[in-house]
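Written out below as structure tokens is the structure these notes cover.
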Amino acid sequence: MKRFLSSIIALTMALGMTACDSSDDSLSDSQIAKNSEKWLTIENGVVVKCDENAEGKIVVPDGVTAIGARAFEECTKITDITLPDTVTDIGDYAFCFSSSLESISVPDSVITIREGAFSACESMEEIAIPENVTTIGEKAFYDCDKLEDITIDEDNEYYCSVDSVIFDKSKETIICYPEAKKDKEYVIPDTVTTIYKRAFSSCKNLESVIIPDGVTTIEVYAFSSSNIKTIDIPDSVTEISTGAFAYCDFETVVIPDGVTNIKTGTFSWCKRLSSVTIPDSVTKIEDSAFL
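Following our numbering, the numbering of the sequence shown begins with 1 at its first residue and continues without gaps.
Structure (structure tokens):
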């Protein structure tokens with residue numbers, strides 16, 4: 001009799017645990033959204049703060065129109081976020097340092113992705129940008145060291161992606177090369193005239209970049225902290241901005257004839273740099289240009 005009762009109890013416990021597990025796994029987004037509300041502070045349709053103890057999947061409830069600046073900063077236990085199709089604005093550094101965030105669903109309603117919005121999301125490997133986005137701020141994906149794939153909806157009128165690299169729609173400005181993209185060499189398309197701020201920053205796998213003759217401007221920190229070992233700057237380049245090649249790994253560099261000013265920190269902390277060719281056109285070398 002005791003053996004029979006023990007078997008019944010064990011079976012009941014097993015069924016109970018199975019039922020609980022099944023219930024957790026089968027929660028709908030609406031149920032998860034309701035559970036998520038305890039972690040979120042929402043004011044006038046804006047998520048202004050997420051509790052740092054939030055974990056797992058978060059579904060932001062319908063009706064929210066914006067994710068505020070730094071709202072999810074350092075929410076290190078969240079792995080998945082779903083935004084409703086009422087959100088139009090993702091604020092400055094909204095998800096920065098959400099180091100466990102692997103997946104985020106960006107709805108078609110989003111228009112603005114502000115500066116540093118997803119910076120230091122160290123677990124994110126891919127992200128899709130919808131067609132209605134008109135602004136992607138500087139450093140939006142900075143320090144996302146597992147990010148390999150950025151896809152822009154082909155109907156977006158302001159941006160496009162080619163082989164996971166972000167450009168403006170005309171492909172005249174290269175905006176962001178994913179830090180974890182595996183290629184060792186990259187050829188910038190001939191259409192490009194500007195290399196945007198931090199476009200290649202912290203790209204650890206990339207060893208060589210070929211810059212076409214049409215490029216005229218290399219913006220601030222464009223290649224900083226990358227693993228680039230060879231770089232050929234064409235004569236068409238007339239502007240190399242602050243910190244453009246700081247912390248790079250190449251040994252030699254030839255500055256093109258059109259450059260007149262080598263700005264602060266342009267080649268600072270390039271520890272292997274042993275040979276620099278400076279043309280007669282250069283009239284000013286600013287402080288710490290070669291620190």
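Backbone N, C-alpha and C fix where the C-beta goes; we use that ideal spot for every residue, glycine too.
Nearest residue (CA-CA) to residue i, options the options
i, options, result
"Glu55", "Ala244, Ile32, Arg70 and Ala66", "Ile32"
"Glu52", "Glu207, Val165, Val64 and Thr41", "Thr41"
"Ala299", "Ile240, Tyr142 and Asp235", "For residue 299 there is no data in the structure shown, the boundaries of the chain being 1 and 291."
"Ile129", "Ala117, Glu179 and Ser123", "Ala117"
"Ile210", "Val237, Tyr221 and Ser225", "Val237"
"Met124", "Ile136, Ala244, Ser109 and Ser98", "Ser98"
"Arg70", "Glu251, Glu115, Gly63 and Asn35", "Glu115"
"Tyr260", "Tyr247, Ser275, Ser241 and Val253", "The question names Tyr, but residue 260 is Thr in the sequence shown. Minimum Cα distance to Thr260 is reached at Ser241."
"Ile152", "Ala199, Lys181 and Cys160", "Cys160"
"Cys96", "Asp80, Phe72 and Thr88", "Phe72"
"Pro61", "Ile195, Trp39 and Gly243", "Trp39"
"Ile90", "Lys49, Asp145 and Ser281", "Lys49"
"Cys270", "Ser281, Ile228 and Val282", "Ile228"
"Glu102", "Phe200, Asp92, Glu74 and Lys146", "Lys146"
"Asp213", "Glu43, Gly258, Glu74 and Val276", "Gly258"
"Ala222", "Tyr158, Val282 and Gly243", "Gly243"
"Cys75", "Val276, Lys139 and Ser100", "Ser100"
Simplified DSSP assignment, three categories, for residue i
i, result
"Lys271", "coil"
"Lys34", "helix"
"Lys284", "strand"
"Ala246", "coil"
"Tyr93", "coil"
"Val60", "coil"
"Tyr186", "strand"
"Cys176", "strand"
"Lys217", "Rather than Lys, the amino acid found at residue 217 in this sequence is Thr. Strand at Thr217."
"Asn227", "coil"
"Cys203", "coil"
"Val133", "coil"
"Phe141", "coil"
"Lys77", "strand"
"Ser208", "strand"
"Asp155", "coil"
"Cys121", "coil"
"Val110", "coil"
"Ser22", "At Ser22, the pLDDT of 38 sits below 50, so the modelled position is not reliable; the number obtained from the coordinates is stated separately. Three-state DSSP puts Ser22 in a helix."
"Asp254", "Reading off the sequence, residue 254 comes out as Val, not Asp. Strand."
"Thr264", "coil"
"Leu40", "strand"
Contact check, residue i vs residue j, beta carbons under 8 Å
i, j, result
"Ile150", "Asn132", "no"
"Thr173", "Val192", "yes"
"Ser36", "Ile67", "no"
"Phe250", "Thr230", "yes"
"Lys197", "Glu179", "no"
"Leu206", "Ser224", "no"
"Val162", "Tyr177", "no"
"Pro84", "Val106", "no"
"Glu122", "Glu148", "no"
"Ile255", "Ile233", "yes"
"Lys169", "Pro189", "no"
"Ile175", "Ile113", "no"
"Thr252", "Ala289", "no"
"Thr86", "Ser109", "yes"
Counted within 10 angstroms of its Cβ, other Cβ atoms place residue i as buried (16 or more) or exposed
i, result
"Thr266", "buried"
"Arg272", "exposed"
"Gly45", "exposed"
"Lys284", "exposed"
"Leu291", "exposed"
"Lys184", "exposed"
"Val47", "buried"
"Ile278", "exposed"
"Ser202", "buried"
"Thr134", "exposed"
"Glu286", "exposed"
"Ser268", "buried"
"Ser119", "buried"
"Glu154", "exposed"
"Ser22", "Summary for Ser22: the model assigns pLDDT 38, below 50, so the residue's position carries little reliability; its value from the coordinates is reported in the next sentence. Under this definition Ser22 is an exposed residue."
"Lys181", "buried"
"Lys34", "exposed"
"Lys204", "exposed"
"Asp280", "exposed"
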